[in-house]
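Visitor: My questions will all concern the structure given below.
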Amino acid sequence: MVIVVLFVLLLPVLIKDINRKYTDNWLHRQKDKVLQTVRSQGIEKYIQNGEGFGSYNALLKEEYVSMDVDSVDRSLDTIVNERRLVEGDTIQYRILSHNFRIGNKNYLLEIGKSIDTINETTAPLQNIAFEILLGMVLLTILADQFYSTYVLRPLGRIIRTKLIGQKFPSRTPYRKVLTSTTDFAYLDISIYKMMQTIENTFQKEREFISNASHELMTPISIMQSKIENMFGRDDINDEVKERLLEFQRILNRLKSITKTLLLISQIENEQFLKEDHVKVADLLQEVYDEISIRLQEKNINCEIDVPADWELEQVNKFLLFNLVFNLVNNAIKYNKENGSIWIVGAKVDKHYILSITDTGIGIDAVQLPHIFNRFKKFSKSLQQDSFGLGLPIVRSIADFHRIQIEVESEVGLGSTFRLIFPDEALKKEK
Amino acid sequence: MNVLIVEDERALTTEMELFLQSNNYLCETCYNGATASEKIATNLYDFILIDLGLPDYEGLDLLKEAKKHNPEATCIILTARAAVDDRIKGLDLGADDYLSKPFSLLELQSRMQAITRRKYGLKNAIVALGNFNIDLTNRSISFKDIPINGITKKEFDLIAYMLLHKNRTLTRSQLSEHIWGSLVNDDYDSNYIDAHIKNIRKKLNAFDTPDWLETVRGLGYRININS
């Protein structure tokens, strides 16, 4: 494209240049002709009695030839644009001046062609060249069109159906893309095989998670039942029961960690469906109801300000609930007594952003990049009952929904977690 | 009430049996799908608890058989497998409920009772506690004839759960598992149960002292009914 534009822009210059060269050639040829005549027939044919010779087209004065005795002794052979006065008309000519010597006399030969005449041929030439160029560009576009719609059609189909449209786990059987080109057929089958490998890996991981879950959960389940049954017995005294309680507490911890880790693996293995519609305001209300007892305990003021019509689609409600719950829960956990939490939804530069701001202890800038790592615990959070999986859950749920998370924090003042929702998650206005 | 427990993990089966027996259920147990299939085809049960992870049998097939031969029975699926699909499939095939392992035995009993209540449409589900009446169907509490407003959903859940397991001390973790069980969060020992109980007491105290709601020092809470 750039080349074409450049070419079109340079066209007048090029044509002018070609035309000038052509004119100069013509002038030289005329000069040679005159000199030939002079050599064969003598200078007297043109100059008699020392009187100069001049000839031009009578009417239009497009060309002229003149020869005269030159008073100055010089050797001249130039072509320049100059004005000449011909019968009262000043005309711009392209003039070849040539100096030659016959006997002991110097002569000056001038052959001129009017610039107007030259330009007259330039314009049509330019037009012709332009038309040819235009034709060529159109031809190229047509050829491209043909190439991409017909010859490359299978490629487009492969990309659409086998790459972009691919979902895991895929439940549709392999269907060959219609093409007679061997290379495309090869590409198609290669992509299919690659997808098959990925699919198998997914499947294996899925089985692993399921088995691991079974192997871990079964013993925990047995222990929990045993403790519960013992706890319910009347012949066991309270002192023993108190110790059983500790046992139960530890078991709960193990249970929570296992459940959470399995959940993260399940999310990363894409085992959840994204088929729910969620009104953000409703979701936040549910989280609020769930969490209000914790707010009350610390006397924290929580303000929610989200547009009532803000709706998400193709999301998993259970997961989103857990995402928001964990963020708000953290905002409470690391907050001070009588602190505040603001949950605000706003549209900023076409993006929908939900921000959760607290007046808590804040996060050190050094620790900030690591807060989403699993089992990462920081000195301040150590005082809390947590095992460092809250934010990793948040991260994996956010990734699963392509929600971006931004964190801003200042130690001692508080933190803001911003969830930036992808356009596709927002319900389109009808 | 007849219960069939189909579970290949013997230790767990024993505990479930012990627990349900102590709550006056009649239990039969089997550790594999083949025996279960036979039992389901020949006997009638009120409850069938099916573990999906049987070594010899596809648990969901067993569910189909149960639906065929024991259409009246309440089927509850128990599973330790994490596949999300299973849950949907199980409920699609007619399971009445679904419990993920590890589950609390109290929770199991609570689910069984809830389904019974739903199935047989028990109308008279009002329990008198001192001067208070707890209406389990409409989920409301009244003092003599005066309705008490302001009891939250969670608070009622707690009262109903303790009522179901009356005269039994429930630990804080058992209570929080019941009301926050589906949440996946970072806290393993957060005790907001105390705060809830405090609120319940405050709301009820405005009418009368709920002396039936006992704090068992160091252990948990209990609702006492002498009958």
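As they're listed, the protein sequences go chains A and B.
The first sequence maps to residues 1 to 430 in the working numbering.
The second sequence maps to residues 1001 to 1227 in the working numbering.
Even for Gly, the Cβ is constructed at its ideal location relative to N, Cα and C.
Everything numeric in this text was worked out from a predicted model, so none of it was measured.
#1: Residues of chain A with a CB under 7 Å from the CB of R1081/B: which are they?
#2: Quick one: what does DSSP say L1183/B is sitting in, helix, strand or coil?
#3: Note down the Cα distance separating L1093/B from Y1025/B, rounded to an integer number of angstroms.
#4: Give the secondary structure of P1147/B by DSSP, where H, G and I count as helix, E and B as strand, and everything else as coil.
#5: Quick one: grab the DSSP three-state call for R1217/B.
#6: So within the region 314–366 of chain A, which uninterrupted beta strand (DSSP E) runs reach at least 3 residues, ignoring any that extend past its ends?
#7: Which term fits R243/A, buried or exposed, when burial requires 16 or more other beta carbons within 10 angstroms of its beta carbon?
#8: The beta strand (DSSP E) with H98/A in it runs from where to where?
#9: Tell me, please, whether the CB atom of D238/A is closer than 8 Å to any CB atom in chain B?
#10: In chain order, what residues of the same chain have a beta carbon less than 6 Å from the beta carbon of E311/A, not counting five sequence neighbours either side?
#11: Is DSSP giving M1001/B helix, strand or coil here?
#12: In whole angstroms, what is the alpha-carbon distance linking D70/A and G54/A?
#13: Name the chain A residues whose beta carbon is nearer than 7 Å to that of K1166/B?
#14: Please go through the same chain and pick out, in chain order, the residues whose beta-carbon is closer than 8 Å to the beta-carbon of G1053/B, but skip the five residues on each side of it.
#15: Using a Cβ-Cβ distance cut-off of 8 Å, determine whether F1103/B contacts chain A.
#16: So, with DSSP's three-state summary, where would you put L14/A?
#17: For the beta strand (DSSP E) that H277/A lies in, which residues bound it at each end?
#18: Could you confirm whether any beta carbon from chain B is found closer than 8 Å to the beta carbon of K430/A?
#19: Identify whether G112/A lies in helix, strand or coil by the three-state DSSP scheme.
#20: Please classify K113/A as buried or exposed, where buried requires at least 16 neighbouring CB atoms within 10 angstroms.
#21: Pull the bridge partners of K105/A from the DSSP assignment, please.
#22: Could you give the first and the last residue of the continuous beta strand (DSSP E) run that contains R471/A?
#23: What's the C-alpha gap between N1002/B and R1117/B?
#24: Pull the bridge partners of I1141/B from the DSSP assignment, please.
#25: Alpha carbon to alpha carbon, how far is D1086/B from I1077/B?
#26: So with CB distances below 8 Å, who are the chain A contacts of Y1192/B?
#27: Please classify L163/A: is it buried, with 16 or more other beta-carbons within 10 angstroms of its beta-carbon, or exposed?
#28: Looking at L1044/B and N1023/B, is the spacing between their C-beta atoms short of 8 Å?
#29: Could one say the Cβ of A1011/B lies closer than 8 Å to chain A's Cβ atoms, at least one of them?
#30: The beta strand (DSSP E) that contains S1022/B, what's its start and end?
#31: Kindly list, in the order they appear in chain A, the residues whose Cβ is closer than 8 Å to that of D1196/B.
#32: Does the Cβ of R1172/B have 16 or more other Cβ atoms within 10 Å, making it buried, or fewer, making it exposed?
#33: State the Cα-Cα distance for the pair A281/A and S355/A, rounded to the nearest angstrom.
#34: Run through chain B and tell me which residues come within less than 7 Å of K255/A, C-beta to C-beta.
#35: In the DSSP assignment, what are the bridge partners of S55/A?
#36: Does chain B have any CB closer than 8 Å to the CB of K274/A?
Guide: According to the data block:
#1: By 1-based counting over the second sequence, the position of residue 1081/B is 81. Chain A residues near R1081/B: S210, S213 and H214.
#2: The residue labelled residue 1183/B in the question sits at position 183 within the second sequence. Coil at L1183/B, not helix or strand.
#3: Locating residue 1093/B in the second sequence gives position 93, where the first residue counts as 1. Locating residue 1025/B in the second sequence gives position 25, where the first residue counts as 1. In a straight line, the C-alpha of L1093/B is about 26 Å away from that of Y1025/B.
#4: What you label residue 1147/B is simply residue 147 of the second sequence in a count that begins at 1. Three-state result, P1147/B: strand.
#5: Residue mapping note: residue 1217/B aligns to position 217 of the second sequence, counting from 1. Of the three classes helix, strand and coil, the one that applies to R1217/B here is coil, per DSSP.
#6: 340–348 and 351–358
#7: Your numbering for residue 243/A matches position 243 in the first sequence. By the 10 Å Cβ count, R243/A comes out exposed.
#8: Counting from one through the first sequence, the residue named residue 98/A turns up at place 98. Residues D89 to I102.
#9: As a position in the first sequence, residue 238/A is number 238, starting the count at 1. Judged by the 8 Å Cβ criterion, D238/A is in contact with chain B.
#10: On the first sequence, residue 311/A is found 311 positions in, with the first residue counted as 1. Once the five neighbours on either side are set aside, the close Cβ partners of E311/A are K279 and K427.
#11: Here residue 1001/B refers to the residue found at position 1 of the second sequence. M1001/B falls in the coil class under three-state DSSP.
#12: Position 70 of the first sequence, counting from 1, holds the residue named residue 70/A. Position 54 of the first sequence, counting from 1, holds the residue named residue 54/A. Approximately 14 Å between the Cα atoms of the pair.
#13: If you number the second sequence from 1, residue 1166/B lands on position 166. Within chain A, no residue comes near K1166/B; the closest Cβ sits about 12 Å away, beyond 7 Å.
#14: Position 53 of the second sequence, counting from 1, holds the residue named residue 1053/B. Cβ within range, chain order: D1008, G1059, T1079, A1080 and R1081.
#15: Mapped onto the second sequence, residue 1103/B falls at position 103. Chain A, which has a Cβ nearer than 8 Å to the Cβ of F1103/B, makes this yes.
#16: Here residue 14/A refers to the residue found at position 14 when the first sequence is read from its first residue. Reduced to three states, the DSSP call for L14/A is helix.
#17: Indexing the first sequence from 1 puts residue 277/A at position 277. D276 to K279 is the span of the beta strand (DSSP E), which, as asked, contains H277/A.
#18: In the first sequence, counting from the first residue as 1, residue 430/A sits at position 430. Summary for K430/A: the model assigns pLDDT 46, below 50, so the residue's position carries little reliability; its value from the coordinates is reported in the next sentence. With 8 Å as the cut-off, K430/A does not count as an interface residue toward chain B.
#19: Counted from its first residue, the first sequence places residue 112/A at position 112. Correct three-state label for G112/A: strand.
#20: The sequence position of residue 113/A within the first sequence is 113, counting from 1. By the neighbour-count rule (16 or more Cβ atoms within 10 Å), K113/A is buried.
#21: For the purposes of this step, residue 105/A is taken as residue 105 along the first sequence, with counting starting at 1. For K105/A, which the question treats as bridged, DSSP gives the partners I102/A.
#22: The question about residue 471/A has no answer, for chain A in this structure spans 1 to 430.
#23: Stepping through the second sequence from its first residue, residue 1002/B is reached at position 2. Stepping through the second sequence from its first residue, residue 1117/B is reached at position 117. Each residue's alpha carbon lies about 16 Å from the other.
#24: By 1-based counting over the second sequence, the position of residue 1141/B is 141. BP columns for I1141/B point to I1134/B and I1148/B.
#25: Numbered from its first residue, the second sequence carries residue 1086/B at position 86. Numbered from its first residue, the second sequence carries residue 1077/B at position 77. When rounded, the distance between both Cα atoms is 10 Å.
#26: Indexing the second sequence from 1 puts residue 1192/B at position 192. The contacting residues are I293, R294 and E297.
#27: Residue 163/A sits at position 163 when you count from the first residue of the first sequence. Per the 10 Å Cβ criterion, exposed.
#28: Position 23 of the second sequence, counted from the start, is the residue given in the question as residue 1023/B. Position 44 of the second sequence, counted from the start, is the residue given in the question as residue 1044/B. No. Outside cutoff.
#29: Position 11 of the second sequence, counting from 1, holds the residue named residue 1011/B. Yes, contact with chain A.
#30: Within the second sequence, numbered from 1, the residue matching residue 1022/B stands at position 22. That residue, S1022/B, is in no beta strand (DSSP E); its alpha helix (DSSP H) goes R1010 to S1022.
#31: The residue you call residue 1196/B lines up with position 196 of the second sequence. Reading the sequence as shown, one finds His at residue 1196/B and not Asp. By Cβ distance, chain A contributes I293.
#32: The residue you call residue 1172/B lines up with position 172 of the second sequence. With 16 or more other Cβ atoms within 10 Å, it is buried.
#33: Along the first sequence, read from residue 1 onward, the residue named residue 281/A stands at position 281. Along the first sequence, read from residue 1 onward, the residue named residue 355/A stands at position 355. C-alpha separation (whole angstroms): 13 Å.
#34: Translated into the one-based positions of the first sequence, residue 255/A becomes position 255. By Cβ distance, chain B contributes P1102.
#35: For this step, residue 55/A is matched to residue 55 along the first sequence. According to DSSP, which records beta bridges pairwise, S55/A is partnered with V65/A.
#36: In the first sequence, residue 274/A corresponds to position 274, counting from 1. Answer no: the Cβ-Cβ gap between K274/A and chain B never drops below 8 Å.
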